[in-house]
Every structure is written in C-alpha cells, then in structure tokens.
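Protein chains in written order, with my numbering: chain A, 873 to 1212; chain B, 35 to 290; chain C, 2 to 279; chain D, 2 to 432.
Cβ coordinates follow ideal geometry from the N, Cα and C atoms, glycine included.
Right, one structure below, let's go through it.
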Amino acid sequence: MSLWIIDKSAMATFVANVMGDYRVVGPKAKGPQFAFDEIEDPAELRLDYNTSILPPKKYFQPQEERLMTFKRNGDSAPEAVIEAEATVIFGVHTCDLHAMRVLDQAFTQNFPDAHYLTRRRQALLIGIECLEPCDEHSFCKSMGTLTISEGYDLHLTDLGDVYAVDVGSEEGLTLLKTYSDARLATESDMQQLNRALSAKWPRFPYKLELDVDELPALMSQSYNNPIWETLAEKCLACGTCNIVCPTCFCFNVYDEVDLNLENGERSRRWDSCMLDVFARVAGGENFREQRSARLRHRFMRKGLYLVERYKHLGCVGCGRCARLCLADISPINVFNELHE
Amino acid sequence: MAENGNGSARPKVAFFDFACCEGCQLTVIDALQTHLELVEAVEIVQFREAMTEKGEDYQIAFIEGSCTRKEDEDRLRKIRAQAGIVVALGACAHIGGVNALANLQPSLQDVRQYVYGDKWDWYNTYPARPISAVIQVDAFIPGCPIDRVEFLSVVKQVLLGKTPAIPDYPVCVECKLKENVCIFDKGGVCLGPITRAGCDAICPTYGDGCEGCRGLIPNPNENAMQDVLLKAGLSVEQLRARMTMFNAYDPAQIEA
Amino acid sequence: MTQIAEELLYLPVMAKVLEVESLTELEKLFLIQLPDGHSLGNAPGQFVEVSLFGIGEAPISVSSSPSRSNGAFELCIRRVGDLTNALHTLQPGDTVGIRGPFGHGFSLEKMKGKDILFAAGGLGLAPLRSLINQVLDERGSFGRVIILYGTKQPKEILFKEELQEWADRKDVEFHLTVDRGDETWRGNVGVITTLFSKIALNSRNTVAAICGPPIMYRFVLMELMGKGIPETQIYLSLERRMKCGVGKCGHCQINNLYCCLDGPVFKYSQIKGVEEAL
Amino acid sequence: MSKVDVNVNVHHLTRVEGHGNIVVDVKNGELVKCELQIVEAPRFFEAMLRGRPYTEASHITSRICGICATGHATASLRATETALGVKVSTQTQLLRKLLFHGEIIDSHVLHVYMLVAPDFLGVGSVLPLAKSHPEVVKRALRIKKLSGDLCAMISGRHTHPIAMTVGGFTHLPTVKELLAMRKRLVAAREDMNETMALLKTLPWPRFQRETEYVSLKKDDEYAFIDGVVATTDGFTYALPDYRQVTNEYLVPHSTAKHCKHNRDSYMVGALARFNNNYEQLHPRAKAAANELGMKPVVTNSFLNSGAQAVEMLHCLEDSIQLIDQLIDRGLQEEPLYQFQGKGGEGVGSCDVPRGTLFHDYIIDDDGLIQGANCIIPTGQNYANMEADMRALVPQILDRPQEEITHLMEMLIRAYDPCISCSTHFLDVEFL
Ligand SMILES: Cc1cc2nc3c(=O)[nH]c(=O)nc-3n(C[C@H](O)[C@H](O)[C@H](O)COP(=O)(O)OP(=O)(O)OC[C@H]3O[C@@H](n4cnc5c(N)ncnc54)[C@H](O)[C@@H]3O)c2cc1C
Ligand code: SF4
Ligand code: SF4
Ligand code: SF4
C-alpha cells in the first residue's frame, strides 16, 4: 500500500505506545533461544531473533484453550468461551506469515471456527523481513516463503538505522500513524529497501533439488517409497515436529470437572499425528499403527494433502521440526531423497 | 452432598503404603492446600501417615510403594479383596521405581551384606516389584512423586465412573507445549521422547532432563532413544544408568 | 452442508431423551428430541456428535430415517467405553448434548430408479437403517430392495421386529445370517458374503450401500466387484476417531480425506486407491 | 508405685512416616520390655548407589524420604562436592539455604499442625480437625502452601527437588518471583504469631530427662547446612569424623541400628539444634521461645514441637533476609560443574527437619559411586526414644492403660520420626 520509515531509536516508543491500548507480543530471549511472549518492556522485544521455539500461531490457536463451560446438572446449556484480546504481534517472520494462510483456510473453510477467527480478527500482524538465514535448518527460499507481499498489517525491513515499514492493511496504517512518528518513505528510502532485498537473496541457499511446484506431484508418487520404513527406525514418535510446526493445527478435546462434579469445562489441546494413538478408534483398531505410516502421513500432509485442500503447501520451510528433531529428520532431506 | 456420576454417595477411600518414601502420600496432603474440598468429595477412612482412625470398609484403595517382601503380598491381596478399585500411587507401585535399583546389584545377598554386614540374613526381602506383579490394578498414577493435578484428575475420573486414563504420549509433547528450551540443546540428556507425559514436563522445565519416573509410553522406540543418548555423549554405563533409574524393574528379576 | 453460526460450532444443544430401548446386551436405542421441537434435518448416513458433560463427546450415526422423524431422531449406541457406558445409564427425561448433523450422507437422488443392495454387518445396520427406511417410505422410486444383514451371533441381532417387517414385505428381499448359530437358530449360518450366492443382481442397475466392521468391507467389496457392480455405485460408511466432527481436529483423516467432511459415506470409486481407507 | 501390669502394643504407629510398633510390657510394676520396633521394609539405598553416576546420587537419595527430600539432596550434593572438590558459589549457597528453610517450614508445619496438634485437641487426625477447628487447619495449609511454593520456586517442587545439582542450580528463580515470595513471607508473620499463640495454649506433658543433644553448629548462623558436629556435652567434630559421634551399634532387643556418643543415647532434631544454637536464632524466634518458656537446655522431649515452631519463625525471618541478599546481588546464570576425571571421598551433612543427616560417598575416576554410607536422624534418635520411654513409663503407670498408650505415642511422635527413611533399619519377624 505505502512505504514508511521509522527510526530504530523510535521503535521503543512505538511499542510502548501500542502497549497502552493493546496486548503486545513479540519474540523475547528464552535462555539461548527465543519465544513469542507478552512484551512488558519494549527493551525485551528482540526483532533480531533467529527463530522462535513455537510459531506465533499460539496466539490464534493456543496450546490449550477452553471451548465452553458447562454445568453437570443436565438442565442448563453449556456456554461458549471465546477468550480473545486485541493484540499486536511484532516480529513475525515471512515463513510464519505464509503459514498463517494455511491456518486461515483451515479454520475458515467449511465450518468457520469462531475461537480462531475471533482472535485472528482482533490481532494485527507486524512482519519482519529476514535478511540472513536463521540457521542451517531453515529452507524458506526453497519453499517460496523467503518473502511475502500480503498477509500482514505492517511489515518491517531492517535498513540499518531505520526500519522500512510496508503497510499491508488499513488497520496497519492506522496503527502506525496513531502510535508512531513514522514518516513516508522517500525515493531514496525505496532504493535502499530494494538494494537490501536484492542483496539478501543470494545469502539464502536453495536447498530443494526440485522446483517447489513439483513437490505435490512428487509426494503423490511417493506413497510406497521405502524411505518411510527407514525413517521410522530412527523416529522416536515424540510428536515434537508437529507441535512446533506453524501449519499444524490438529487437536484433541478434553472435559475437566471440579471436585464436586458440578461444573466443568471442555477444552482443546494441540495434538500430533505422530503419536501412537492419534488414529485409534473405539474397539482398538489403529489406522496408523506403524511409525512409518504416521511419518508418511505427516509428510503427505505437508507436501500434498494441505495444498490440495487449502491451496497452500503445509511446509513453509521454517526448519523448526528439523532443528528440534532428535533423530535429525528434516523435511528438506526427505523431499530431496524422495526426488532421487 | 451432590451425587457423583455413579449415582452413589461419596466413596470411601483408603491409602496404603509399602516400600517407598511416602512422598506420594505427602503430595496428596499437599493437594489439600488448593483443593480442601477433596475431603468432602470422598470419605478418607484410612491414611496412616496423616490419621489415627482406621476404617476397613473402603471402595477405593490408593497403594503407594513397591512390594519387597513375601508378607507384603498378603496385605496386598487383602486390600484387593476389599477394594472395588485399586489405584497404584506413584512410581514405586506403578513400575517399581528406585526400589528396583537394588534388583540390578550383583545379588540381593550382596546388597543386604553391604548395608547390614554380618546380620544380613535377618532380612526376608526379595526383589522389588510393582504391585501389579502381585494383584490386579485398575488404574495407575505414575510419577516420583505423583503430580497433584493428575492425582485430582484421576480421583475425578473415578468419581465420574470413567476408566481413569493417563496420557499415553511422551513428555516431549508437554515440554514443547510449554515452549521449553530442549535439554539436548543445553548439552544435557533427557528421556522425554519415550517417557509417559502427565507431569507437565516439570524436570525439563526446571532444567533437568527427564529421568523416566513415569515409565515408558506404549510402543517406545527404545533403540532410537539409545542412539540419541549415545550421540549426546553418554558412555554406555551412563546410558544404562539413565535408562534404569526408575525403570530397572524387569519381570525376569523376580522369576528366580 | 448445514450452516452453523461460528460461535456455536462446538457448542452442543441440550436435547431430551424421550425413550430408551434395549436392543441387545450391548446396544440401546435412544429416541431424542431437540429443544423446541426443532427437527434435526439430517440426511441418511449423517451423524451427530453426542455429549455428556464431564465424560466427553462421540460421533454417532443417526439411525432413524428423516422420513419418519416426527421431530425426534434415534441413535443406536453400543456400549464400548466411557461415554457410551455413561449414555447407557440415561433414562427418559435426561438430557444429552447434540451437535450436528454432520458429514456427507447417502445421496438418495442418485439411487432413484435403481435396484438397491444393502449389506450391513453388526452395528453397521444402525446408519443403514436410516437409509433403508427412507427408501422403503419412497418405495416406488426404487427398483429392487435387497437387504443383507449379518452378525456374529443371534443375540447380537439388532432391530428384530423391524427386520421381521422387512422380511415380511413382498417388495423387499431380506437375508439374514450369523457367523455362529446357537441351539435356537434356524437361519443361515456363515459370514455375510455367503448370502451373495442367494441373490442375482442386475449389476449395471444396482447401487450398493454397505456398512460394517473394517474386515467386512474387504470381502463384501470383492463380491460386489465380482458381480460387476461399478465402483461409482457402491457406497460405504467408514468410522474413524473424531474430536470435532467438522474437519478441524485431524483425527479422522484417511489420507487426504476427512471422514467427517468428505464422509462418513464414501463412494467406493472415491476411496479405492486411498490406502488408509479400508 | 502400685504393682500393676501394663501392656502397650501399638501396631503400626500412625501419623508418622513409615511403619513402627511400640511395645511396652510391665509386670507387677516392673518394666520388662520397652521397645520401638521398626517394621518398615528396608530399601538398601547405599547398596543401590554403587555403580551409579555421581550425578544421580542426589536424585536417588532424595527418594529416601518424601518429607526431607531436599535435605537428603542437599547432604548428597555436599558429599559429592566434597569428594570431587567442587566449590559452590555464594549464589548457590544462598539459594540452597533459602530452599532448605522452605523444607524446614514445610516439614515442621506438617508435624506441628497435622500430626501433633490433633493429640492436644483430642481428635484422631487433621480431618476431624478441619471440621472442629477449620481456622487452624486452613492456617496450617496456608503456611504449608507458602513453604511448598518457596521450594517449588527454587527447585521445581518440594518433594524430590529438581533444579539442584552438583555445584549449582539448573534453573533460577526470577527477581519477580523472589519479590512476590518475599511479600507472601512477610504476610505470613501473622500466621506464625497465631501459631505461637496456639502453641502457648497447649498442655505440654511435663517430662524431663537429661541427655546429650547433637547438631551441626556454625559461629555465624543457625546451622542447617555444613558446619561442625557439636554436642551439649561439649564435644565438637569436623564432618569427616562423624562416625565418632554416631558409633552405630546393634542391640539385642532391637533390630534397628542404634547410635550413642558420650552417654547411652543422644538426641538430634529441632530441640537439639535449639539447645546448641540458641544464640544464632533470629531475635523474633528467640522472643517466641521465651514466650513458650523455652531456654536452653530444654530437656522435655515433648517440646521438640515447640522448638519446631521456633525454627519455623526463624526460617521465615531468615528467608526474607536471604531473598533481600539475592535481589541485591542480582541472579546470574552460572556455568555448571563439569567432571574433571578425578574421584575422591566426601562427607556431606545437613541438619534436616528431624536432625543431623550424613552422606558419605566414594566416587571413582569414572564418576561412578563405589561406596556410600547414609546415617539418618531418626536412626540416631532410637536409643534416646527408648530411653525416654523407659523414663516416662514409671511416671505414668498409675494412669489408665489408654492414656499410657496415648502418651507413649505422643512421645514417639514428638520426635517426628521418619521411619520410612530406612536406610539402616533391620527388619525381622516380630512376635
Ligand atoms: C461417523 C461415525 C458414526 C458412528 N456411529 C455409531 C453408532 O451409530 N453407534 C455406535 O454405538 N457407535 C458409533 N460410532 C462409534 C462411536 O463413536 C465410538 O464407539 C465412541 O466414540 C466410543 O466412545 P467411548 O467414549 O464410549 O469409548 P472410548 O472410551 O473412547 O473407548 C472405546 C474403546 O477404545 C479403547 N480406547 C479408547 N481410547 C484409548 C486409549 N487412548 N488407549 C487405550 N484404549 C483406548 C477403550 O479401552 C475402549 O475399549 C460411530 C463413529 C463414527 C466415526
Ligand atoms: S520430531 Fe523427529 S523423532 Fe519426533 S516424531 Fe517428529 S520426526 Fe519423529
Ligand atoms: S514441516 Fe517443519 S519446516 Fe515445514 S513448516 Fe512445519 S515445522 Fe517448519
Ligand atoms: S527437554 Fe526432553 S522432554 Fe523436552 S523436548 Fe527435549 S527431549 Fe523432549
């Protein structure tokens, strides 16, 4: 829409101002790593973070979320609980912005999901362009998620002393104008931005040995590939890969009651298709009993099923699963091996 | 008093302990700090650690500790005969826990001699075993010690007439949900990938790798876990120690 | 697809149990009425999510035919676990939470003018009964109606009176079998596929609707293929674990298909190559 | 004294940790048998430690006792650190002390309120007490939650601490948490005052018996961790010489190992610490002791519970000071100890709620434990408990049997015996 410039030194004021009216979240240091968390002091915001342990999707689909409260007396109807709060999320990387599109589709198609959508509508996303690869595990360039032109309210690019701010929505513009003293970009700012963007490109390796558009076709031919058996030998079925993935959204539902058994709540919690009992039905039959079948399902979802259903690939190349997998199972290696 | 899910009045509950540190019973007492209504929800008729009164008429028995002596078996069977529901409380009762470490030593005689010198033969202990090796157990509350929240959850499930379920997924799930920095990333080791969750990943959260006190998940990939631990720099001894700290019990040990 | 207000997606309505009937040792039939006499508006083959608060929620097929609804609907529920056990303790006048109807049911329009072959195994009769009764209520729009039903033992046979009515009808070809008989059993003994020898089919013009345990599908499908019934004319109803019923939770996925959205009723041609389906 | 027969047989003593029996047999006014029998299943911790990596020792031995798990872990770490020559930082020492205070309060409040108070208030347990004296029970649970939360803030949980490890901590509390905890501690002064007020009203049995009191001692603080072993008979020993104090021996009538030093028995625990370290108590704690009429040397074992209450107050006040110190210094993540390939032998000692605890390890150059010895407080108290029983019985022989039984139970309970800590208890068939 339009390009603005904000001094880095003015960011703290911007954040502080926004904090007056919104819950502000963003990447914060967590030991040697980073996690999205509520910002209590603008100095905590680490826009220079490499990646976060969990993706920011947790602000739209929290790890555990109440769906409703109920009484067990049998007569009163349950009451829906939708806990949403006006939120501004700073520092979302482009891979995670791409991932949001998958979630948006999943929670809107067929049956719109108010729990997700209410939060989504009340949140503003402020993206940030990656100028360096976050680490050896990511492969965003290969997945076409190294940059993005929509899906954010504001998008920052680090230009040294200033951030270039690309406005992606009316709400973003209002936010910027209300809470910061950003100025419109000049011709030379734009040139500087373009230079930064073209300079970043060669810094990122292209790791996929095929064109990403061919990935769904590759996956659809790979159902019976022996790779699933090989990987299953070292996979721990720990579920980590699903839990940290920005495009995973499966969940389980639980009822909890208080000790006098009168009141309770029903909530949902993130689940993982890598876990042993994910596909077990009453009667004991488990439709993906083998680890190999579960691994295959996971990768099929990433490379084929989601794109068929939601028009976006289920892997955005953020590298979180590869980084945290103790068995060193990485999508990029899997895709490449299937390609061989 | 409202009726519970079974349509019956508050059930009578008794606590029993065998070889253990009684930390799980203590955790039950700790649960009262936040949930005093527990004493209204159930009627506690026996709890030697905390009370003198002693009722023999109970429907639910919580049993803490491992069976380490022949005479323990009789007591266990008596409890089983009386209780409609028997719940194993904590690692010692559930999987043998640290008690089973003695089973790994060269011989039980050697163990007794080491501690009691020439009076070793005053003892009648035998290899430690979980209570399920002796009696049928309806539900398990894993952990060393148990988790308060999980204890309360199992009580509620029983009151609702449900089969008490505990998580069958690994600690890594809870650990990741809490967004912890993985212990392996800090240069440590952890059994979280194959250990049953339900503790809210408390050890990794406090900077220490999982030691497996809650027992293994169903169908664990133990080979892969060992590869990961060796790669993280454990020696074979350290690996064996880690895998056995709470999971030393092996039914083969008690066949003799 | 039924439209549901966003914020009500996961929120059951409190429905009343009007009648409870014991069908076998394990199955009970519940007649359920939505609040304010609303009609469920289901198609045969669709399911509802049934809740007891504190215990949980599970998908259950609607067993009554929309053509006989009278504002209430029937669920035939087998006692297998926590929720279904608790449901079995319900009495008339009690309430249950209901969401739905959900899923893709049988397409009646595509069946019109055709011979219809029903093959039900065990509890699989519950969802098929909905379709069978609807077809019988519009009997004139269909060709032959053939019903094959098999259970493991005689005591597991569901809806006995209704089966008798079907058997008595001149315009229904009804065949019953049990895997293992007992001293009182006079009928056919053998798995359901043994019934196929008793019927001649006009394969081109026959639509088959099958529902039963996973193992049954493989064998029944073989029979149907053997008889030359086109894959596009075979419908099956599948069962998977479901935590939402509306295509979000991921538990019911069969490869790329969501059992709750794309099914539970599938055309065989739709799932033939889908490895996890059968 | 009248010529009476008394037969006390308390099977499975309640409201103590672990299983024990009291047997008193008086024939014609003559004490024939007076025993505390231990029927706890032995668990062989020392033998189990052999061959295990040193890193596991504190986690395994914390499982000796659910109540003084932190005490065992601390003593274990001190033994390991001494054996391996590990120096711990001031921050670690401060955090350990603070954690230890949490455990002392947690254990004492449980004992005073839930195990002992029912005796005085004439009920069988804390459950009826919750009905008859709800404010008392709620206060107890409040204090217990506070101390439990204090422990959890530092080590993850009270029973079986997680974050304490050889040389330091794997997790640090935040300043925010420390400040919030400080606030709660300050607010808890009121509950402590109420506790003292309650204790003042209790009819403590009158009983005196002189004995030797043994505890750790330090010049500059009320000793809980490290120091020297000191006795009221005027002896002091460096920790490595602990065996000169404990002198474990077997007696024919009992199956538990007994300890003795200068006399036939000695006492460890809150009262022993109080008698040895009165001067180092926080002034508020001293004042409270005065109000209870307690001044060293107190020789009434029943007043062990009084000493526990005084220690609770001391720990509360000292915790506040420790938090201030920690906040002033600022918390820093410190590198954890890495094994240097050299083993050794070391003794670690703490004064846990029930008394002085010793852990003694031999670690080899692979970091594996080759030998271990643990001497727990209750074992040291056995001889003294029996001596007390022998002294008390003749004084109360004229009372009804029921009352005698009750007083004997109260006496044993006053020691807060932790019978489940049975690293050293023998176990034989009893008649
Ligand atoms: C579309 C559809 C239609 C259906 N229609 C009907 C119908 O008409 N009638 C009908 O009766 N049923 C029907 N079902 C099946 C019904 O949904 C299940 O039987 C129901 O979910 C069982 O719930 P439950 O809580 O009673 O059992 P659960 O408690 O969930 O468990 C049932 C069984 O599975 C085992 N189990 C479950 N989870 C675990 C676990 N984590 N670990 C170990 N064991 C486990 C239990 O031990 C038990 O034996 C249908 C299912 C689908 C998908
Ligand atoms: S993170 Fe790795 S080991 Fe764990 S389930 Fe995923 S692929 Fe398997
Ligand atoms: S599959 Fe792995 S790399 Fe791809 S989006 Fe998910 S977490 Fe990131
Ligand atoms: S710390 Fe342990 S439990 Fe947590 S993610 Fe890592 S391996 Fe899993």
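Any C-beta of chain A under 9 Å from that of Val-47 of chain B: Within the second sequence, the letter at position 13 stands for residue 47 of chain B. Not one chain A Cβ lies under 9 Å of Val-47 of chain B.
Bridge partner(s) assigned by DSSP for Asp-51 of chain B: The count along the second sequence starts at 1 and reaches residue 51 of chain B at position 17. For Asp-51 of chain B, which the question treats as bridged, DSSP gives the partners B:Glu-98.
Any 3 or more C-beta pairs closer than 8 Å across the segment 210 to 224 of chain D and the segment 349 to 357 of chain D: yes
Interface positions of the segment 241 to 259 of chain C facing chain A (Cβ-Cβ less than 8 Å), listed along the chain: Arg-241, Arg-242, Lys-244, Cys-245, Val-247, Gly-248, Lys-249, Cys-250, Gly-251, His-252, Gln-254, Ile-255, Asn-256, Asn-257
As assigned by DSSP and simplified to three states, the class of Cys-375 of chain D: Position 374 of the fourth sequence, counted from the first residue, corresponds to residue 375 of chain D. Three-state DSSP puts Cys-375 of chain D in a strand.
Cβ-based contacts, 7 Å cut-off: residues of the segment 113 to 145 of chain D near chain B: Met-115, Gly-125, Ser-126, Val-127, Leu-128, Ala-131, Leu-142, Lys-145
Three-state secondary structure (DSSP) of Ser-3 of chain D: Residue mapping note: residue 3 of chain D aligns to position 2 of the fourth sequence, counting from 1. Low confidence applies here, because Ser-3 of chain D scores a pLDDT of 48, under 50, leaving its location unreliable; read the following figure in that light. Here Ser-3 of chain D sits in coil by DSSP.
9 Å Cβ cutoff, Arg-44 of chain B in contact with chain C: Taking the first residue of the second sequence as position 1, residue 44 of chain B is located at position 10. No, no contact with chain C.
9 Å Cβ cutoff met for Thr-56 of chain D and Gly-347 of chain D: Locating residue 56 of chain D in the fourth sequence gives position 55, counting from the first residue. Locating residue 347 of chain D in the fourth sequence gives position 346, counting from the first residue. No; because the gap between Cβ atoms is not below 9 Å, this pair is not in contact.
heavy atom of ligand 1 below 8 Å from Asn-134 of chain C C-beta: As a position in the third sequence, residue 134 of chain C is number 133, starting the count at 1. The answer is no for Asn-134 of chain C.
Test: Gly-41 of chain B CB closer than 9 Å to a CB of chain A: Numbered from 1 along the second sequence, position 7 holds the residue referred to as residue 41 of chain B. Residue placement at Gly-41 of chain B is flagged as unreliable, the pLDDT there being 46, under the threshold of 50; the coordinate-derived value follows with that caveat. With 9 Å as the cut-off, Gly-41 of chain B does not count as an interface residue toward chain A.
Counted within 10 angstroms of its Cβ, other Cβ atoms place Trp-1073 of chain A as buried (16 or more) or exposed: Start at 1 with the first residue of the first sequence, and residue 1073 of chain A comes out as number 201. Its Cβ having fewer than 16 others within 10 Å, Trp-1073 of chain A is exposed.
Straight-line Cα distance separating Ile-94 of chain B from Val-192 of chain B: In the second sequence, counting from the first residue as 1, residue 192 of chain B sits at position 158. In the second sequence, counting from the first residue as 1, residue 94 of chain B sits at position 60. Distance between the alpha carbons of Val-192 of chain B and Ile-94 of chain B: 9 Å.
N- and C-terminal bounds of the beta strand (DSSP E) containing Pro-1005 of chain A: Counting from one through the first sequence, the residue named residue 1005 of chain A turns up at place 133. Segment: none, Pro-1005 of chain A is in no beta strand (DSSP E) and carries neither H nor E.
Any non-hydrogen atom of ligand 4 closer than 8 Å to Ala-235 of chain B Cβ: Translated into positions along the second sequence, residue 235 of chain B becomes position 201. Yes, since a heavy atom of ligand 4 falls inside the 8 Å radius drawn around the Cβ of Ala-235 of chain B.
Assumed close pair Gly-177 of chain B, Cys-237 of chain B - CB separation to whole angstroms, cut-off 8 Å: Along the second sequence, read from residue 1 onward, the residue named residue 177 of chain B stands at position 143. Along the second sequence, read from residue 1 onward, the residue named residue 237 of chain B stands at position 203. Wrong, their Cβ atoms sit about 11 Å apart, outside the cutoff.
Under the three-state DSSP convention, the category Leu-1 of chain C falls into: Beyond the ends of chain C as shown, which are 2 and 279, falls residue 1 of chain C; an answer cannot be given.
Partner residues on chain B for Ile-56 of chain C, Cβ-Cβ distance less than 7 Å: For the purposes of this step, residue 56 of chain C is identified with residue 55 of the third sequence, where counting begins at 1. Within 7 Å Cβ-Cβ: Leu-194, Lys-196.
Backbone secondary structure at Asp-947 of chain A - three-state DSSP: Counted from its first residue, the first sequence places residue 947 of chain A at position 75. Asp-947 of chain A: coil per DSSP, three-state reduction.
Gly-157 of chain D to Phe-1011 of chain A span [Cα, whole Å]: Here residue 157 of chain D is taken as the residue at index 156 of the fourth sequence, counted from 1. Here residue 1011 of chain A is taken as the residue at index 139 of the first sequence, counted from 1. Those two C-alpha atoms are separated by around 37 Å.
Gly-1159 of chain A versus Arg-187 of chain C: straight-line alpha-carbon distance, rounded: The residue labelled residue 1159 of chain A in the question sits at position 287 within the first sequence. The residue labelled residue 187 of chain C in the question sits at position 186 within the third sequence. Residue 1159 of chain A is actually Phe in this sequence, not Gly. Going from the Cα of Phe-1159 of chain A to the Cα of Arg-187 of chain C covers about 37 Å.
Proximal residues of chain B, C-beta to C-beta of Thr-160 of chain D below 7 Å: For this step, residue 160 of chain D is matched to residue 159 along the fourth sequence. What Thr-160 of chain D touches in chain B: Gly-57, Leu-60, Thr-61, Pro-179.
Residue-level contact to chain A via CB, Ala-258 of chain B, 9 Å cutoff: Translated into positions along the second sequence, residue 258 of chain B becomes position 224. Chain A, which has a Cβ nearer than 9 Å to the Cβ of Ala-258 of chain B, makes this yes.
Lys-1049 of chain A, buried or exposed, once every other Cβ within 10 Å from all chains shown has been counted against 16: Counted from its first residue, the first sequence places residue 1049 of chain A at position 177. Exposed, since its Cβ has fewer than 16 Cβ neighbours within 10 Å.
For Gly-103 of chain D, the three-state DSSP class (helix, strand or coil): Counting from one through the fourth sequence, the residue named residue 103 of chain D turns up at place 102. The answer is helix: DSSP assigns Gly-103 of chain D an H, G or I state.
DSSP bridge partner residues for Ala-231 of chain D (one or two, in chain order): Sequence index remark: in the fourth sequence, residue 231 of chain D carries index 230 (1-based). D:Ser-216, D:Thr-237.
Reduced DSSP secondary structure (H/G/I, E/B, other) of Val-1037 of chain A: The sequence position of residue 1037 of chain A within the first sequence is 165, counting from 1. Three-state result, Val-1037 of chain A: strand.
Chain A residues whose Cβ lies nearer than 7 Å to that of Pro-238 of chain B: In the second sequence, residue 238 of chain B corresponds to position 204, counting from 1. Simply none; closest approach about 12 Å.
Interface flag, Gly-356 of chain D vs chain B, CB-CB below 9 Å: On the fourth sequence, residue 356 of chain D is found 355 positions in, with the first residue counted as 1. False, the Cβ-Cβ gap to chain B never drops below 9 Å.
Asp-893 of chain A in three-state terms, based on DSSP: Residue mapping note: residue 893 of chain A aligns to position 21 of the first sequence, counting from 1. In the structure shown, Asp-893 of chain A sits in a helix (DSSP, three-state: H, G or I).
The segment 113 to 127 of chain D / the segment 77 to 92 of chain B touching (three or more Cβ pairs under 8 Å): yes
Closer than 8 Å at the beta carbon, the chain C residues around Ile-954 of chain A: Position 82 of the first sequence, counting from 1, holds the residue named residue 954 of chain A. Under the 8 Å cutoff, chain C gives Glu-8.
Gly-243 of chain B: CB within 8 Å of a non-hydrogen atom of ligand 4: Along the second sequence, read from residue 1 onward, the residue named residue 243 of chain B stands at position 209. Yes, since a heavy atom of ligand 4 falls inside the 8 Å radius drawn around the Cβ of Gly-243 of chain B.
Environment of Asp-389 of chain D [buried if 16+ CB atoms lie within 10 Å]: The residue you call residue 389 of chain D lines up with position 388 of the fourth sequence. Asp-389 of chain D should be labelled buried.
Span of the beta strand (DSSP E) around Leu-237 of chain C: By 1-based counting over the third sequence, the position of residue 237 of chain C is 236. Where Leu-237 of chain C is concerned, the enclosing beta strand (DSSP E) stretches over 235 to 238.
Classification of Lys-190 of chain B by the beta-carbon crowding that lies within 10 angstroms, buried from 16 upward: The residue given as residue 190 of chain B occupies position 156 in the second sequence. Lys-190 of chain B comes out buried.
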